[in-house]
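Here's the structure, in structure tokens; my notes come after.
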Amino acid sequence: MRNSWFARQLIPPVIWHCYSYIRSYARYFLNAKLMHRNDFVKDSKKGQTVYILGNGPSLNNFNLEEICGKDVITMNYFYLHPEINNFNIVAHCIGEPFDCSTWVDPSDMVEKTPAETYWFSITAKDFCERNFKNSKLHYYLPGVAVNFNILLDSNLARPTLQYQSTSQMAIMVAMHLGYKKIYLLGFDHDWLATRGFSPHFYNENETNSEIEKADFSKISYLNMINISKNLFDIYDSIKNIASRKNISIVNLSRPTFLDIFPYKD
Numbered sequence: 135m136r137n138s139w140f141a142r143q144l145i146p147p148v149i150w151h152c153y154s155y156i157r158s159y160a161r162y163f164l165n166a167k168l169m170h171r172n173d174f175v176k177d178s179k180k181g182q183t184v185y186i187l188g189n190g191p192s193l194n195n196f197n198l199e200e201i202c203g204k205d206v207i208t209m210n211y212f213y214l215h216p217e218i219n220n221f222n223i224v225a226h227c228i229g230e231p232f233d234c235s236t237w238v239d240p241s242d243m244v245e246k247t248p249a250e251t252y253w254f255s256i257t258a259k260d261f262c263e264r265n266f267k268n269s270k271l272h273y274y275l276p277g278v279a280v281n282f283n284i285l286l287d288s289n290l291a292r293p294t295l296q297y298q299s300t301s302q303m304a305i306m307v308a309m310h311l312g313y314k315k316i317y318l319l320g321f322d323h324d325w326l327a328t329r330g331f332s333p334h335f336y337n338e339n340e341t342n343s344e345i346e347k348a349d350f351s352k353i354s355y356l357n358m359i360n361i362s363k364n365l366f367d368i369y370d371s372i373k374n375i376a377s378r379k380n381i382s383i384v385n386l387s388r389p390t391f392l393d394i395f396p397y398k399d
């Protein structure tokens, strides 16, 4: 990771992004059979509506019984939600890269979430293929930088947009599945307002001792600003993809700092 950081400082951005894109295609050719699984579900929900449920604390502000039975996409620790069995979960996303220091064993996330499909970073494919013996596994191969607009697309059977948050992976999955109306709930993105930690709809280390609290206290505020800018830049790229495909993305979260997409109460 450190070598990668130094390389980014020394290599001009265009060259670095081209290198990353070529590298992602090399990874794609090595995993073409796995990535082909994504073709089987492409546009399988064409023209339909989906709710993407983020894990922000604002999710507790809504009576989710109103969307029981509706198609939803969930992520990470959503199995902690008391209403989990009342939704039609079409996809569950676990975006943490396997080679990241924050990676945790996702077995509970898979086994306790009744979903039609499960989506992982391609970096986790060895772990997943070894531990989860089912045909519901799909992989996301990030490789396109946010400023490479000409290459941006929602076809997840190929290298696609880099993501910083699992919530961004979830929106890309929704577009790949063909949904035309995408509603966001629990997308607070209040890292700069909740200094030092990232809250969720569940209480870390209180209800579940195995879940580590997202501690940002060791990250400087300047770095948090830069991280947040990159996060919002990626959302802006997602908005551009959706606009080209005439896909509506509406943020229903309340409160929320994510104003890239139109807000509806």
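Residues in the sequence shown are numbered consecutively from 135, following the working numbering. Yeah, the Cβ is synthetic: ideal placement off N, Cα and C, and Gly gets one too. Keep in mind it's a predicted model, so treat the numbers as computed, not measured.
Original post:
So, do the region 187-197 and the region 165-178 have three or more beta carbon pairs nearer to each other than 8 Å?
Top reply: The way I'd put it, the region 187-197 doesn't touch the region 165-178; fewer than three beta-carbon pairs between them come closer than 8 Å.
Subject >> CB-CB length for glycine 320 against asparagine 189, believed under 8 Å >> reply: Yes, they are in contact, since the Cβ atoms of glycine 320 and asparagine 189 sit about 6 Å apart, within 8 Å.
Original post:
Considering only C-alpha positions, which residue in the set Ile256, Leu311, Ile228, Thr251 is nearest to leucine 168?
Top reply: The shortest C-alpha to C-alpha distance from leucine 168 to any of Ile256, Leu311, Ile228, Thr251 is the one to Ile256.
Original post:
What is the rounded straight-line gap between the Cα of aspartate 260 and the Cα of alanine 376?
Top reply: So the two alpha carbons sit approximately 31 Å from each other.
**OP:** Output the boundary residues of the alpha helix (DSSP H) element that contains phenylalanine 266.
**Re:** Looking at the DSSP string, phenylalanine 266 is not in any alpha helix (DSSP H), and its letter there is neither H nor E.
Original post:
Under a three-way DSSP split, which group does threonine 328 fall into?
Top reply: Collapsing the DSSP output to three states places threonine 328 in coil.
**OP:** Grab me the residues of histidine 323's own chain with a C-beta within less than 6 Å of its C-beta, minus the 5 sequence neighbours each way, in chain order.
**Re:** These residues qualify, in order along the chain: Phe391, Leu392.
Subject >> With 16 other Cβ atoms within 10 Å as the buried cut-off, status of tyrosine 397 >> reply: By the neighbour-count rule (16 or more Cβ atoms within 10 Å), tyrosine 397 is not buried but exposed.
**OP:** For tyrosine 317, count neighbouring Cβ atoms within 10 angstroms of its own Cβ and tell me buried if that reaches 16, exposed if not.
**Re:** Answer is buried; the Cβ neighbour count reaches 16.
**OP:** Grab me the residues of asparagine 165's own chain with a C-beta within less than 8 Å of its C-beta, minus the 5 sequence neighbours each way, in chain order.
**Re:** Contacts found: Ile256, Lys259, Tyr273, Leu275.
Original post:
If you check the beta carbons only, do alanine 327 and cysteine 227 fall under 9 Å apart?
Top reply: Contact: no.
Subject >> Cutoff 8 Å; reference arginine 292; Cβ partners in own chain excluding five residues on either side >> reply: The beta carbon of arginine 292 sits closer than 8 Å to the beta carbons of Tyr162, Met169, Leu275 from its chain, once the five residues preceding and following it are set aside; these are given in chain order.
**OP:** Could you check the C-alpha separation between proline 231 and tryptophan 237 for me, to the nearest Å?
**Re:** Going by the C-alpha atoms only, they are around 7 Å apart.
Original post:
Would you report the Cα separation of serine 343 and asparagine 222, rounded to the nearest angstrom?
Top reply: The predicted position of serine 343 is uncertain, since its pLDDT is 48 and thus under 50; no value can be drawn from it.
**OP:** Rounded to whole angstroms, what's the CA-CA distance from serine 362 to asparagine 219? Just pull it up for me.
**Re:** Across the structure, serine 362 and asparagine 219 are spaced so that their CA atoms are roughly 33 Å apart.
Subject >> One or two residues paired with serine 255 in a DSSP bridge >> reply: Beta-bridge annotation (DSSP): serine 255 is paired with Tyr274.
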